[in-house]
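Working notes, beginning with the structure itself.
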Amino acid sequence: MFHRILSRYHVVGAVATIGGAAYAANSWKRIAYNKDAENSTQYSKAFSVFASRGPRGTMEDEYYISNARNFFAVFDGHGGAQVAKQAKKEVYECFERELESCDDVEDAYKNAFGTVSASVFKNKKLDMQGTTAVSVYLEEKHIWTANIGDSRAVLCRDGEAVDITQDHKPNSPDEKERIEKLGGNVRWYGYLGPDRQPVPGMGAYRINGNLAVSRALGDRLESPFVSDKPDIECFERDEEADRFIILASDGLWDVMTSREAVRFVQQILAGSVGALEQGAKNSLKTRHASRSLTKWMRTYSGDTKMVRAVLDTRKAKIAKYLVEESLRRGTADNVTVIVVWLK
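Just so you know, the sequence shown maps onto residues 1 to 343 in UniProt numbering.
See below:
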């Protein structure tokens, strides 16, 4: 495990969509601000969440947010949705129970993932199903992450993107070495360029010709090549530098880098991206909307309540904007995004 420096949290609300049909997961207006949170252990006071089936025929992504707003997770199922659904139901329950008994976050995470994995392995109907999992757990002075697979968590600190989880891909040096030592193989399946090298985005490295992730919950028939062991990390929070965390399935990360996603959020908050619902990026309408918002912000800059209301509305919708941008860029997968506001 390694440690870094991070910060405090605020959360606004949740809007989600499945298969393109939007619904309120929690009315943003009702949880926009919780006065009692200042004197509780509710270290998150604002978040935004949105999910879309995208171009796929089925939805295999799931997400979970604890009532205390201090535990967030995204699960990206493959081979079916059942393991992701089970993980959504059981991971936090097990984690909370373990934390109460041992008071050690790392052990609680390990035991929780181990318990869920063992439960999935017992169900023969799920032999060829699995799910990734990326989770963030917030404490007053620390951020904990647990990750299996290629869903990712990214922190915005001092305006820069910091990956606080590492993708588990078969061609990652450590993962490839582990797999080959076990007798498995990692090969590229897809297009090659004129130089006979793999073309990014036009294929994937796969384990024994099957999965394109090297760690997952489930996938019993792919074990031990596909590991069910999570990477668990702890980061110190920096109140001044840390702004937000993005958790997302690879439907987002396949078409946006961590830096691009963070920059996209910053641009929206700054008012430099407009008319996103109309898909009019870089159009005259978009530029007009951006200028109008900038003019409005300047005109009412002295009215802090009004300015705050505009920013809070954008924060509540930020996950939706990220999902829509990934669809505009041509993602071929389900997309689920949670943005946790730290300031």
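Don't be surprised by glycine CBs; every beta carbon is placed ideally from N, CA and C.
Please work out which residues of its chain come closer than 6 Å, Cβ to Cβ, to residue i, disregarding the five sequence neighbours upstream and downstream, and give them in chain order.
| i | result |
| --- | --- |
| A81 | E60 |
| Y205 | P170, N171, V186, W188 |
| A161 | V154, S258, R259, V262 |
| T336 | A51, D61, Y63, V74, S249 |
| N111 | E98 |
Can you give the beta carbon distance from residue i to residue j, rounded, assuming they're within the 8 Å contact cut?
| i | j | result |
| --- | --- | --- |
| S52 | L327 | 7 Å |
| H168 | G149 | 5 Å |
| V226 | L211 | 6 Å |
| V134 | N123 | Between N123 and V134 the Cβ distance is about 23 Å, and since that is not below 8 Å, they are no contact. |
| G159 | M128 | Between M128 and G159 the Cβ distance is about 43 Å, and since that is not below 8 Å, they are no contact. |
Compare the Cα-Cα distances from residue i to each of the options and report the closest residue.
| i | options | result |
| --- | --- | --- |
| T58 | G77, G271, V186 | G77 |
| M202 | E233, S151, E240, V255 | V255 |
| P173 | I164, N185, V162, D163 | N185 |
| K181 | P224, L126, E233 | P224 |
| F47 | L138, V105, T165, K88 | L138 |
| A319 | Q266, G330, P170 | Q266 |
| S117 | T145, A84, W144 | A84 |
| residue 351 | A73, K229, T165 | Beyond the ends of the chain as shown, which are 1 and 343, falls residue 351; an answer cannot be given. |
| L233 | K317, T145, I207 | Reading the sequence as shown, one finds Glu at residue 233 and not Leu. With distances taken between Cα atoms, E233 lies closest to T145. |
| I65 | G79, E96, G54 | E96 |
| E93 | T115, T165, G271 | T115 |
| E222 | Y191, V136, T131 | T131 |
| Q86 | D163, L126, D103 | L126 |
| G330 | V310, L252, A316 | L252 |
| D312 | R196, V340, E325 | V340 |
| D238 | F121, G54, I143, F113 | I143 |
| I207 | D195, R196, E175 | E175 |
| S151 | F72, G271, A309, A68 | F72 |
Report yes if the C-beta distance between residue i and residue j is below 9 Å; otherwise report no.
| i | j | result |
| --- | --- | --- |
| R56 | D333 | yes |
| C156 | R215 | no |
| I245 | L342 | yes |
| residue 356 | K88 | A question about residue 356 goes unanswered here, because the residues of the chain that appear run from 1 up to 343. |
| K141 | E240 | no |
| I338 | V49 | yes |
| V136 | I164 | yes |
| D231 | Q166 | yes |
In its own chain, which residues sit with a C-beta less than 8 Å from the C-beta of residue i, not counting the 5 before and 5 after it?
| i | result |
| --- | --- |
| K99 | This sequence places Leu at residue 99; Lys is not what is there. Closer than 8 Å at Cβ, skipping near neighbours: V105, A108. |
| residue 357 | This structure cannot speak to residue 357, because the chain is shown only from 1 to 343. |
| E177 | none |
| F264 | M256, V273, Y321, L322, E325 |
| Y191 | P198, V199, M202, G203 |
Spatial neighbours of residue i within its chain, please: CB distance less than 7 Å, with the 5 preceding and 5 following residues excluded, ordered by chain position.
| i | result |
| --- | --- |
| R314 | I268, L269 |
| C102 | A108 |
| S40 | Residue placement at S40 cannot be trusted, given a pLDDT of 32 that sits under 50; what the coordinates show is reported in the next sentence. Nothing listed; no residue qualifies. |
Within 9 Å of any Cβ in chain B, is that where the Cβ of residue i sits?
| i | result |
| --- | --- |
| S249 | No chain B is present in this structure, which holds just one protein chain. |
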